[in-house]
Amino acid sequence: MKTRLFYAILVAVGICLQGCTTSYAKDREDAKETPAGERLEISFRFQRGGIASSQYAIWIEDETGKLVRTLYVTSFTAKGGYEYRKDAVPTWVAKADPKNRISGNIDAFTGATPRNGTLHYVWDGKNNEGMPVSKGTYMVFIEGTLYWESRVVFSAKLHWGSCEEESVLVSSRYYGAPSVNKDMITDLKVFHMAK
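Under the numbering used here, the first residue of the sequence shown carries the number 17, and numbering increases by one thereafter.
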């Protein structure tokens, strides 16, 4: 009986150690993937609406208004929805010209419309080709189609290469009459992390 108990304890300890080791290794991998150095962190609460809503895009432009990097756009819009839903994030569509992009490039920054909850996005200072951008002033935009033609565009000015860690001031502009699904994007925070 004592021998069985001893082996049962050994097995339990082994399982615990294996689980702890796996968890520790995963934490270390996650830590490696966590962006270090200068970056822009964007977070907001997202609430899905019904039909003709819940499309959004996040992108970076330089001082001249040229699109530098698309961080995210809902796949419905990026993969053809913009052609028959002209009110699906039209500002991003005009800037990104998805019709003339190679589909593989679009796959890198698209995804299904997420579930309700807090979403996080990070810009690492690279353009769509994966090359680091130069120091200077950039704009971040978050455009959301709220319901049919009603939409919101959030914008914030960023000084990339600055040593300042700061919460970036965000302004918003609404189009149409956003009475339906107007709380699709709330608690928006944009934070610049210095090196």
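Glycine included, each C-beta is placed from N, C-alpha and C at the ideal position.
Put residue 125 into one of helix, strand or coil per three-state DSSP.
Coil.
Drop a sphere of 10 angstroms on the beta-carbon of residue 67, count the other beta-carbons inside from all chains shown, and report buried for 16 or more, exposed for fewer.
Residue 67 comes out exposed.
Cβ atoms of residue 159 and residue 105: under 9 Å apart, would you say?
Yes, the pair counts as a contact, with Cβ atoms nearer than the cut-off.
In the DSSP assignment, what are the bridge partners of residue 145?
DSSP, once it has assigned bridges, lists no residue as partnering residue 145.
Taking the alpha-carbon positions, what's the residue 149 to residue 141 distance?
One C-alpha to the other measures close to 6 Å.
Would you mind sorting residue 201 into buried or exposed? The rule is 16 or more other CB atoms within 10 Å of its CB.
Label assigned to residue 201: buried.
Give the range of the alpha helix (DSSP H) segment to which residue 164 is assigned.
No alpha helix (DSSP H) contains residue 164, which DSSP labels as neither H nor E.
Identify whether residue 197 lies in helix, strand or coil by the three-state DSSP scheme.
Coil at residue 197, not helix or strand.
Unbroken beta strand (DSSP E) runs of length 3 or more, entirely within the stretch 82-123: which are they?
Counting whole runs of 3 or more residues, the stretch 82-123 contains the beta strand (DSSP E) stretches 83-90.
What is the C-beta distance between residue 185 and residue 208, in whole angstroms, given that I count them as a contact (C-beta under 8 Å)?
Going by Cβ atoms, the distance from residue 185 to residue 208 rounds to 11 Å, so no, they are not a contact pair.
Does residue 130 pass the burial test, meaning 16 or more other C-beta atoms within 10 Å, or should it be called exposed?
Per the 10 Å Cβ criterion, exposed.
Would you identify the three-state DSSP class for residue 80, choosing helix, strand or coil?
If DSSP states are grouped into helix, strand and coil, residue 80 belongs with coil.
By DSSP's criteria, residue 73 is part of a beta bridge. Which residues make up the other side?
Bridge partners of residue 73: 89, 159.
According to DSSP, is residue 67 part of a helix, a strand, or is it coil?
Residue state, collapsed to three classes: coil.
How many angstroms separate the CA atom of residue 176 from the CA atom of residue 59?
Approximately 18 Å between the Cα atoms of the pair.
In this structure, what does DSSP give as the bridge partners for residue 172?
Looking at the DSSP assignment, residue 172 forms a beta bridge with 156, 186.
Could you have a look at residue 54 and say whether DSSP puts it in helix, strand or coil?
Residue 54: coil per DSSP, three-state reduction.
Might you give, ordered along the chain, the residues of its own chain that have their beta carbon closer than 6 Å to the beta carbon of residue 71, omitting 5 neighbours on each side?
The residues are 90, 93, 104, 105, 161.
Examine chain D for any beta-carbon lying closer than 9 Å to the beta-carbon of residue 128, and answer yes or no.
No chain D appears in the structure shown, which is made up of a single protein chain.
Considering only residues of the same chain and omitting the five flanking positions on each side of residue 191, which have a CB-CB separation below 6 Å?
Hits under 6 Å: 167.
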